[in-house]
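These notes concern the structure reproduced below.
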Amino acid sequence: MKLLVCGGAGFIGSTFVRLRVREHGDAVTVLDKLTYAGRRENLHDVAAEIRFVHGAIEDPVAVADAVAACDAIVNFAAETHVDRSISGPEAFIVTNMQGTHVLLEAARERGLRYLQVSTDEVYGSIEHGSFSEASPLQPSSPYSATKTGADLLVSSYFHTHGLETLICRGSNNYGPHQYPEKLIPLMILNALAGDRLPVYGDGRNVRNWLFVEDFGRGIGHVLAYGMPGEAYNCGGPDECENLAVVERILALTGADESLIEYVTDRPGHDRRYSLSSEKLQALGWRAQVRFDEGLARTVDWYRDNAWWWEPIRSGAYRDYYERHYGRALKT
Ligand code: NAD
Ligand code: TYD
Numbered sequence: 210m211k212l213l214v215c216g217g218a219g220f221i222g223s224t225f226v227r228l229r230v231r232e233h234g235d236a237v238t239v240l241d242k243l244t245y246a247g248r249r250e251n252l253h254d255v256a257a258e259i260r261f262v263h264g265a266i267e268d269p270v271a272v273a274d275a276v277a278a279c280d281a282i283v284n285f286a287a288e289t290h291v292d293r294s295i296s297g298p299e300a301f302i303v304t305n306m307q308g309t310h311v312l313l314e315a316a317r318e319r320g321l322r323y324l325q326v327s328t329d330e331v332y333g334s335i336e337h338g339s340f341s342e343a344s345p346l347q348p349s350s351p352y353s354a355t356k357t358g359a360d361l362l363v364s365s366y367f368h369t370h371g372l373e374t375l376i377c378r379g380s381n382n383y384g385p386h387q388y389p390e391k392l393i394p395l396m397i398l399n400a401l402a403g404d405r406l407p408v409y410g411d412g413r414n415v416r417n418w419l420f421v422e423d424f425g426r427g428i429g430h431v432l433a434y435g436m437p438g439e440a441y442n443c444g445g446p447d448e449c450e451n452l453a454v455v456e457r458i459l460a461l462t463g464a465d466e467s468l469i470e471y472v473t474d475r476p477g478h479d480r481r482y483s484l485s486s487e488k489l490q491a492l493g494w495r496a497q498v499r500f501d502e503g504l505a506r507t508v509d510w511y512r513d514n515a516w517w518w519e520p521i522r523s524g525a526y527r528d529y530y531e532r533h534y535g536r537a538l539k540t
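Sequence positions in the sequence shown follow this note's numbering and run 210 to 540.
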C-alpha cells in the first residue's frame with residue numbers, strides 16, 4: 210500500500226511505520242509536526258526507506274503535499290497526555306479535532322481510505338466488565354473528549370459522504386520509544402536514576418496494558434480487513450493496578466520500594482479501563498505479548514538505549530516534570 214501515516218514520528222506511529230516497511234513493504238510517507246513527543250530518532254532505522262514531511266495535520270497545505278500519491282491515510286497524530294490536557298487543553302482541540310477534520314477533507318477530495326487511531330478512553334471509566342464498540346461514549350478528560358469528538362467526526366464522514374472510514378481504539382500501550390511522561394517509561398527512568406516514583410491517589414486505578422507492536426498489528430488488521438464505517442477495539446491481554454505495575458518495575462530494575470511516593474491524584478482520574486476485543490479477534494487478530502514479558506522487554510530497551518532518552522531527560526522535560534510534580538528530577 211501507499212500510506213500516509215500522520216504522527217508517524219511518535220511512539221505508536223513509528224512502531225507502525227517500522228512494521229509496515231519491514232513486514233509489508235509499504236511505501237510510507239510520514240507527516241509529523243515534531244512536537245515535544247515526536248522525534249526523528251524514533252524512525253532512525255527506516256529513515257532511508259520512507260518519505261518524511263515536517264508539518265501539521267491542521268495545515269491543509271502540508272497535508273496536500275504529504276498525501277500526494279497515497280491511497281490511504283492512517284492518523285496517529287494527536288496531543289496524547291491526559292495531564293497536559295488538564296493544564297492546557299488548547300493544543301488538544303486544534304490537533305485532535307481540527308487536524309482530524311483537515312485530514313478527513315483531504316481523504317474525501319481524493320476518495321482515500323481513512324483510519325483513525327483512537328483510544329479506550331472515549332468510553333470513560335468502567336468498574337466491572339469491559340466496553341464493546343456499542344458502549345456509549347462518555348469521555349472524562351479534555352484529552353478523551355477531543356478524541357471522542359474526532360471519532361464522531363470520522364463516523365459522520367462515512368454516513369454523510371460515504372468515505373471509507375475505520376476507527377481502531379487501543380487500550381494503554383507500552384514498549385520502546387514511549388515518551389517518559391506516561392506511567393511506564395516515567396517509572397522505569399526514575400527507578401534507573403534513583404528518583405522518586407510518583408503514584409497518583411491510592412495507586413489502585415486499573416489499566417489494560419497492550420504491547421505497542423500488538424497495537425501496530427491490530428491497526429494493520431483493521432486497515433486490511435475492517436468494514437468501512439465501523440470501529441474496532443484493540444485491548445491488551447492483561448490488566449493491572451498501577452501500584453502493581455510500579456512494583457514490577459522496581460523488581461525489574463532492582464530499585465528500592467522506598468522510592469514510591471504517593472502524590473495528589475489527577476483531577477477526574479478514570480478508575481478502570483477495559484476493552485472487549487472480540488470484534489477484532491473475529492477478523493483474526495490476537496495480542497501476542499503478555500504483560501510480564503512485554504514489561505521485561507521494555508525495561509531492557511530503556512536500560513540499553515540511554516542515547517534515546519538522555520536528551521529528553523536533560524531538556525525541556527525537566528521543566529515539565531518540575532511544574533507538574535512540584536519537585537525536580539535528581540539526575
Ligand atoms: P505520541 O504523543 O507519542 O506521538 C504523537 C505524535 O503526533 C508525535 O510524533 C507528534 O509530533 C505528532 N503530532 C502532534 N501534534 C501534531 C500535529 N498537529 N500535526 C502533526 N503531527 C502531530 O502519541 P502515541 O502514544 O504514539 O499515540 C498515537 C495515537 O494513538 C494517538 O492518536 C493516541 O490518541 C492513540 N492512542 C494512544 C495510546 C497510548 O497508550 N499511548 C493508546 C490508545 C490510543
Ligand atoms: P498514563 O500513562 O498517563 O495513561 P492514561 O492516563 O492515559 O491511562 O497513566 C496511566 C495510569 O498511571 C493512570 O491511572 C495515571 C497513573 N499515573 C501515576 O500514578 N503517576 C504518574 O506519574 C503518571 C504519569 C500516571
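Idealized CB from N, CA, C, for every residue including glycine.
Residue i: CB within 7 Å of a non-hydrogen atom of the ligand NAD
i    : result
C215 : yes
I259 : no
I302 : no
E373 : no
Y529 : no
A354 : no
Integer-rounded CB distance, given that residue j should sit under 8 Å from residue i
i    : j    : result
T238 : I259 : 7 Å
V230 : L432 : Contact doesn't hold; Cβ gap of about 15 Å is too wide.
A275 : G264 : 7 Å
N442 : S486 : 5 Å
I397 : I469 : Actually they are not in contact, since the Cβ atoms of I397 and I469 sit about 14 Å apart, beyond 8 Å.
L504 : E439 : Actually they are not in contact, since the Cβ atoms of L504 and E439 sit about 31 Å apart, beyond 8 Å.
S483 : F340 : 7 Å
G333 : D479 : 6 Å
F500 : D423 : Not really, about 11 Å apart at Cβ, beyond 8 Å.
C449 : V408 : The pair is not a contact, with the Cβ atoms about 13 Å apart (cut-off 8 Å).
Classification of residue i by the beta-carbon crowding that lies within 10 angstroms, buried from 16 upward
i    : result
G338 : exposed
V270 : exposed
Q497 : exposed
G535 : exposed
P351 : buried
D241 : buried
P345 : exposed
S294 : buried
W494 : buried
Through-space distance from residue j to residue i, alpha-carbon basis
i    : j    : result
T507 : H370 : 42 Å
F225 : P385 : 12 Å
A257 : Q347 : 42 Å
G445 : M436 : 22 Å
V311 : S523 : 35 Å
A286 : G219 : 8 Å
L538 : R319 : 48 Å
A354 : V331 : 7 Å
V326 : R413 : 27 Å
D268 : L321 : 18 Å
L492 : V472 : 42 Å
I393 : N381 : 10 Å
D235 : M210 : 5 Å
R405 : N399 : 6 Å
D509 : L419 : 17 Å
L313 : R481 : 31 Å
G410 : W518 : 27 Å
N451 : T328 : 19 Å
L372 : A359 : 15 Å
D280 : L212 : 6 Å
G217 : A460 : 33 Å
V291 : L243 : 19 Å
T427 : R227 : According to the sequence provided, residue 427 is Gly. The question's Thr does not apply to it. Cα-Cα distance, rounded: 14 Å.
Y366 : A525 : 38 Å
Range covered by the alpha helix (DSSP H) that runs through residue i
i    : result
I181 : This structure leaves residue 181 out entirely; the chain is present only between 210 and 540.
D501 : F500 to D513
Q490 : E487 to Q490
F424 : V421 to Y434
T309 : T309 to R319
G358 : P351 to H370
Extent of the continuous beta strand (DSSP E) run through residue i
i    : result
E450 : D447 to E450
K211 : K211 to C215
E470 : I469 to V472
S327 : R322 to T328
V283 : A281 to N284
N251 : Premise fails: N251 is in no beta strand (DSSP E) and is neither H nor E.
T238 : A236 to D241
Any non-hydrogen atom of the ligand TYD closer than 7 Å to residue i Cβ
i    : result
K242 : no
K391 : yes
H478 : yes
R293 : no
Y409 : yes
L504 : no
N442 : no
E466 : no
N284 : no
heavy atom of the ligand ATP below 7 Å from residue i C-beta
i    : result
T289 : Among the ligands modelled here, namely the ligand NAD and the ligand TYD, the ligand ATP does not occur.
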